[in-house]
Amino acid sequence: MAKTDIQLKIPSADFYIEPVRAFIGNLAQSLGFPRKRVADIQLVLDEVCSNAVHHGSANDAVGIKLRIAVDAHTLEILVRDTGSGNARQKNWLTRERLLEIETNRSPSSERGHGIFIAKSLADTHEMQPNEAGGTDVRVVFHLLKPNTVEV
Ligand SMILES: Nc1ncnc2c1ncn2[C@@H]1O[C@H](COP(=O)(O)OP(=O)(O)OP(=O)(O)O)[C@@H](O)[C@H]1O
Ligand SMILES: [Mg+2]
3 MAKTDIQLKI PSADFYIEPV RAFIGNLAQS LGFPRKRVAD IQLVLDEVCS
53 NAVHHGSAND AVGIKLRIAV DAHTLEILVR DTGSGNARQK NWLTRERLLE
103 IETNRSPSSE RGHGIFIAKS LADTHEMQPN EAGGTDVRVV FHLLKPNTVE
153 V
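Position one of the sequence shown corresponds to residue 3 (the working numbering), numbered consecutively onward.
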């Protein structure tokens with residue numbers, strides 16, 4: 003299967019995350035990911051898109067972009083936002099801030115689990131600032147077909 007690129011842009015609003023979640027779920031299932039992994043992929047997509055909408059968008063209209071690359075063994079999702087425009091959020095992606103987020107994460111807290119979840123469940127999880135002043139989050143999931151599993 004040749005590598006295929008799918009590009010989507012949705013408004014920066016929670017309302018549009020659910021349809022994308024359903025689409026990714028169907029796509030992952032069609033590619034052959036096991037049911038449990040499909041749920042993981044959907045959860046990660048949800049968390050990354052929620053962050054782009056809630057922390058990385060100045061308003062609904064700016065939108066977030068998704069680039070989904072698929073081949074026979076891999077599902078790769080890039081979520082790109084343009085930044086909140088809030089001075090405090092600018093250049094948020096520092097080692098210190100990430101360490102602070104990790105240190106402050108508490109099981110009893112309702113918030114602050116999104117990055118941890120995405121990092122834990124994706125095979126690859128990368129975050130970097132982009133030229134638009136926002137954040138690019140790239141997550142990759144590998145499809146392990148039974149006959150390719152090495153023991
Ligand atoms: N795309 C982003 N743009 C700007 N800041 C971000 C972005 N993603 C995450 N952050 C920052 O990282 C913090 C931690 O994100 P995380 O998803 O772990 O928790 P949360 O969004 O605060 O809560 P939760 O996801 O559990 O509802 C956020 O509060 C925000 O300050
Ligand atoms: Mg979050």
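Note that the Cβ used here is the ideal one computed from N, Cα and C, for glycine as well.
The C-alpha of residue 44 is placed about 6 angstroms away from the C-alpha of residue 23.
In the three-state scheme derived from DSSP, where H, G and I count as helix and E and B as strand, residue 44 is classed as helix.
With fewer than 16 neighbouring CB atoms inside 10 Å of its own CB, residue 62 falls in the exposed class.
Its Cα nearest to that of residue 119, the residue 52 stands out among 52, 65 and 74. With respect to the C-alpha of residue 74, the residue from 26, 30 and 133 having the closest C-alpha is 30. Under a 10 Å Cβ-count criterion, residue 17 is classified as exposed, with fewer than 16 other Cβ atoms of the shown protein chains found around its own Cβ.
Take the alpha-carbon of residue 3 and the one of residue 65: they are about 31 angstroms apart. Using a 10 angstroms sphere on the CB of residue 90, the tally of other CB atoms stays under 16, which defines it as exposed.
Distance from the Cα of residue 39 is smallest, within the candidate group 112, 128, 122 and 129, for 122.
In the displayed model, residue 116 falls within a helix according to three-state DSSP. In this structure, residue 110 has its beta carbon at no less than 8 angstroms from each heavy atom of ligand 1. At least one heavy atom of ligand 2 lies less than 8 angstroms from the C-beta of residue 53. For residue 13, no alpha helix (DSSP H) segment is defined, and its DSSP state is neither H nor E.
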